[in-house]
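Chemist:
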Amino acid sequence: ENKNVGILKISLIIFAIVCLVYGIGYFFAPSFLVNLSGDTPVFHGWLRWSGGVLIALGVGAILVYLNPQNQGIFVTTVALGSLLIGIALLWAWITIQEGSKPWFSALPTIVAFALGILLGWSRIKAKNILYPKKD
Numbered sequence: 738e739n740k741n742v743g744i745l746k747i748s749l750i751i752f753a754i755v756c757l758v759y760g761i762g763y764f765f766a767p768s769f770l771v772n773l774s775g776d777t778p779v780f781h782g783w784l785r786w787s788g789g790v791l792i793a794l795g796v797g798a799i800l801v802y803l804n805p806q807n808q809g810i811f812v813t814t815v816a817l818g819s820l821l822i823g824i825a826l827l828w829a830w831i832t833i834q835e836g837s838k839p840w841f842s843a844l845p846t847i848v849a850f851a852l853g854i855l856l857g858w859s860r861i862k863a864k865n866i867l868y869p870k871k872d
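Written out as structure tokens, the structure reads:
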């Protein structure tokens with residue numbers, strides 16, 4: 738059982754790091770990230786808003802890492818969220834605008850799909866901790 742929780746905890750830490758890195762970037766330096774992508778400027782409120790959500794999810798993942806007992810709903814939600822992010826980024830990658838840098842969508846697409854799969858798999862492996870049977 739400890740090995741299964743270990744896989745879950747590794748998945749949560751990776752998820753937290755990704756969320757915090759992107760969240761802090763979007764929240765505090767949206768212009769830099771838009772320029773880095775080579776895309777046209779966008780309203781920074783949209784990026785800051787998503788940055789705030791990512792920071793909150795990263796903090797939530799750290800809290801679940803510290804106490805994973807009964808936290809199956811959170812892990813299921815972030816696994817699903819990661820897969821949906823992967824789909825959205827794949828869509829952006831396929832319909833990329835001329836002048837944009839493909840790696841800016843490709844790298845997070847791969848990371849999001851990998852995280853979704855890893856979190857989903859670790860959720861199954863750690864189901865006894867995430868969804869303990871009630872006596």
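Residue numbers 738 to 872, in the numbering used here, belong to the letters of the sequence shown in order. No residue lacks a Cβ here, since even glycine has one placed at the ideal position from N, Cα and C.
Tell me the rounded alpha-carbon separation between Cys756 and Val812.
Modeler: Here the question's residue 756 lines up with position 19 in the sequence shown. Here the question's residue 812 lines up with position 75 in the sequence shown. In a straight line, the C-alpha of Cys756 is about 14 angstroms away from that of Val812.
Chemist: For Leu749, tell me which candidate among Ser859, Asn807 and Lys871 has the shortest Cα-Cα distance.
Modeler: Locating residue 749 in the sequence shown gives position 12, where the first residue counts as 1. Out of Ser859, Asn807 and Lys871, Ser859 has the C-alpha closest to the C-alpha of Leu749.
Chemist: When you compare each of Gln806, Ile847, Ser819 and Phe841 to Pro869 by their alpha carbons, which one comes out closest?
Modeler: Position 132 of the sequence shown, counting from 1, holds the residue named residue 869. Nearest C-alpha to Pro869: Gln806.
Chemist: If Val742 sits next to Ile861, beta carbons under 8 angstroms apart, how far is it from one beta carbon to the other, in whole angstroms?
Modeler: For the purposes of this step, residue 742 is taken as the residue at position 5 of the sequence shown. For the purposes of this step, residue 861 is taken as the residue at position 124 of the sequence shown. Contact doesn't hold; Cβ gap of about 13 angstroms is too wide.
Chemist: Rounded to a whole number of angstroms, what is the C-alpha to C-alpha distance between Pro802 and Phe764?
Modeler: On the sequence shown, residue 802 is found 65 positions in, with the first residue counted as 1. On the sequence shown, residue 764 is found 27 positions in, with the first residue counted as 1. Correcting the residue identity first, residue 802 is Tyr in this sequence and not Pro. Tyr802 and Phe764: Cα-Cα distance of roughly 24 angstroms.
Chemist: Helix, strand or coil, according to DSSP, for Gly823 in the structure here?
Modeler: Indexing the sequence shown from 1 puts residue 823 at position 86. Looking at Gly823 - three-state DSSP - the assignment turns out to be helix.
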